[in-house]
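Scroll down for the structure; my scribbles are underneath it.
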Amino acid sequence: MKSIHGEGEMRRGTVTEKPSHTLKIEAVGDFAGRKIKPRIRLSGYWLKRAGFKPGHRVTILSLKPGELTLHFREAADAPA
Numbered sequence: 167m168k169s170i171h172g173e174g175e176m177r178r179g180t181v182t183e184k185p186s187h188t189l190k191i192e193a194v195g196d197f198a199g200r201k202i203k204p205r206i207r208l209s210g211y212w213l214k215r216a217g218f219k220p221g222h223r224v225t226i227l228s229l230k231p232g233e234l235t236l237h238f239r240e241a242a243d244a245p246a
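Numbering (this note's numbering), first residue to last: 167 to 246.
Pasting the structure below:
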């Protein structure tokens, strides 16, 4: 695998260590009433390395089916 650090070299603790993650979409809600919603939970040190930290506000864009884009908002941009 080629990275910005050279052929086959990945540095621990950097965003380039594992640039993609596979997550499972969970089912939550009222199963008896068949009111089930999808849920995706994100957690891990990789979020911190990618610039997402506790307390940040996040904007999620869904511009086309099957694709989500996350952006953290600076504190000044976040609504009170």
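C-beta atoms are modelled at their ideal positions from N, C-alpha and C, and glycine is treated no differently. Source: prediction; values computed, not measured.
For residue i, the residue or residues it bridges with in DSSP
i, result
"Pro-204", "Ala-193"
"Phe-238", "Val-224"
"Lys-230", "Glu-233"
The ligand FAD heavy atom lying under 8 Å from the CB of residue i
i, result
"Ile-202", "The ligand FAD is not part of the structure shown, which contains no ligands of any sort."
Closest residue to residue i among the options (Cα-Cα distance)
i, options, result
"Gly-221", "Arg-239, His-187, Gly-232", "Arg-239"
"Pro-185", "Leu-213, Leu-229, Ser-228", "Leu-213"
Cutoff 6 Å; reference residue i; Cβ partners in own chain excluding five residues on either side
i, result
"Arg-207", "none"
"Arg-205", "Glu-192, Val-194"
Neighbourhood of residue i by C-beta distance below 7 Å, restricted to the same chain and skipping five residues each side
i, result
"Gly-195", "Lys-201, Ile-202, Lys-203"
8 Å Cβ shell around residue i - same chain, five flanking residues per side excluded
i, result
"Ala-198", "none"
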